[in-house]
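Residue numbers (the working numbering): 155 to 247.
This is the structure in structure tokens:
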């Protein structure tokens, strides 16, 4: 199970996406593969990582910055947002 799926199991992350009109399919967790394959973290029960989550909506891209708290053994993940930035894409004429 990937981190995005774990986050979507919780209501707060789904609500965050809803507030910014972002569909779950339009979300990408940057460096997710690197986080999941870090062998130094295999034996830790709870891991904290600073991450960036990129979401796309009709107006452009929104980058969410914060801390990911996750426990892959119990299949739980929480995103603690610390800020975001909007990257507005120019509309075609």
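In this text, a Cβ means the ideal position worked out from N, Cα and C, and glycines have one as well. Please read these numbers as outputs of a predicted model, since none were measured by experiment.
Taking its Cβ as the centre, do 16 or more other Cβ atoms sit within 10 Å of residue 177, making it buried, or is it exposed? Looking at its Cβ environment, which holds fewer than 16 other Cβ atoms inside 10 Å, residue 177 is exposed.
Going straight from the alpha carbon of residue 161 to that of residue 230, what length do you get? Distance from the CA of residue 161 to the CA of residue 230, rounded to the nearest whole angstrom, comes to 7 Å.
Report the option in 228, 240, 222 whose CA atom is closest to the CA atom of residue 234. Closest by alpha carbon: 222.
Compute the distance between the beta-carbons of residue 174 and residue 207, then report whether it is under 8 Å. Remark: C-beta atoms of residue 174 and residue 207 do not approach each other more closely than 8 Å.
What residue range is occupied by the uninterrupted alpha helix (DSSP H) comprising residue 96? With the chain covering only 155 through 247, there is no way to say anything about residue 96.
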